[in-house]
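To start, the structure under review is shown below, and the notes come after it.
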Amino acid sequence: MYSTDGGATWSTITGNLPIDNDFVSALFGHDGKLFAGLSAARGVWSRPLPVTGVEEPENVPHTAVLEQNYPNPFNPGTQISFTLPQAEFVTLKVYNVLGKEVATIFDHEKKAAGSNIVWFNAEKLASGYYFYRLHAGDFMQTKRMLLLR
Numbered sequence: 024m025y026s027t028d029g030g031a032t033w034s035t036i037t038g039n040l041p042i043d044n045d046f047v048s049a050l051f052g053h054d055g056k057l058f059a060g061l062s063a064a065r066g067v068w069s070r071p072l073p074v075t076g077v078e079e080p081e082n083v084p085h086t087a088v089l090e091q092n093y094p095n096p097f098n099p100g101t102q103i104s105f106t107l108p109q110a111e112f113v114t115l116k117v118y119n120v121l122g123k124e125v126a127t128i129f130d131h132e133k134k135a136a137g138s139n140i141v142w143f144n145a146e147k148l149a150s151g152y153y154f155y156r157l158h159a160g161d162f163m164q165t166k167r168m169l170l171l172r
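Numbering (the working numbering), first residue to last: 24 to 172.
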């Protein structure tokens with residue numbers, strides 16, 4: 024349907040939108056219809072929208088998840104994985120058994136929603152247990168890993 028008088032009266036469109044030498048100055052969907060405002064024709068046209076849907080992504084958690092590193096034990100590198108429900112600023116640090124920070128992997132770095140994987144190289148560290156901690160928004164979790172030389 025289209026209107027050339029601001030919507031006071033409407034006529035049915037039998038073909039495509041009449042856009043000859045014109046450009047769309049406004050385009051929006053409402054109540055199952057697509058509306059297009061055309062500049063030179065000084066009109067508003069509408070067409071029914073086809074039924075479509077947006078599927079929710081599967082396996083996206085409602086909160087962040089920090090996975091166990093792999094392999095564990097490791098020498099000298101390991102993979103650390105985490106999943107975010109939405110893009111977040113992330114801090115990921117590694118600590119020794121005394122609680123001293125020995126590595127910063129991310130420091131308030133924005134990461135995408137979904138699965139994230141980082142490789143941690145511990146070649147400068149001694150054998151032993153280490154802890155890695157993820158901060159993402161209100162989420163914080165710590166896991167333990169073992170470096171064996």
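The C-beta atom is built at its ideal place from N, Cα and C for all residues, glycine as well.
Residue i versus the options, residue with shortest Cα-Cα distance
i	options	result
Asn92	Leu107, Ile103 and Ala159	Ile103
Pro108	Phe97, Thr86, Gly151 and Ile140	Thr86
Trp142	Gly122, Ala159, Arg172 and Leu115	Leu115
Val113	Gly100, Lys166, Asp130 and Pro99	Asp130
Gly160	Ala136, Ala149, Ile140 and Lys166	Ala136
Same chain, Cβ closer than 6 Å to residue i, five either side skipped, listed in chain order
i	result
Ser138	Thr106
Val117	Val125, Ala126, Tyr153 and Tyr155
Gln164	Leu89 and Leu157
Cut-off 7 Å between Cβ atoms - residues of its own chain near residue i, not counting five sequence neighbours on either side
i	result
Phe162	Thr86 and Ala87
Val120	Gly151 and Tyr152
Pro94	Thr101
Pro99	Asn144, Ala145 and Glu146
Contacts around residue i, its chain only, beta-carbon distance under 8 Å, and the 5 residues preceding and following it disregarded
i	result
Phe97	Ala145, Met168, Leu169, Leu170 and Leu171
Glu132	Phe112, Val113 and Thr114
Ala149	Leu170 and Arg172
Supposed close pair residue i, residue j - CB separation, criterion 8 Å
i	j	result
Lys147	Glu111	Actually they do not touch by this definition, with Cβ atoms about 28 Å apart.
For this session: Assess, as a yes-or-no matter, whether the segment 148 to 155 is touched by the segment 118 to 134 under the definition of 3 or more beta carbon pairs within less than 8 Å.
Result: These segments touch.
For this session: Report the residue ranges of all beta strand (DSSP E) runs contained in full by the segment 77 to 134; include only those spanning at least 3 residues, in chain order.
Result: 100 to 107, 111 to 119 and 124 to 134
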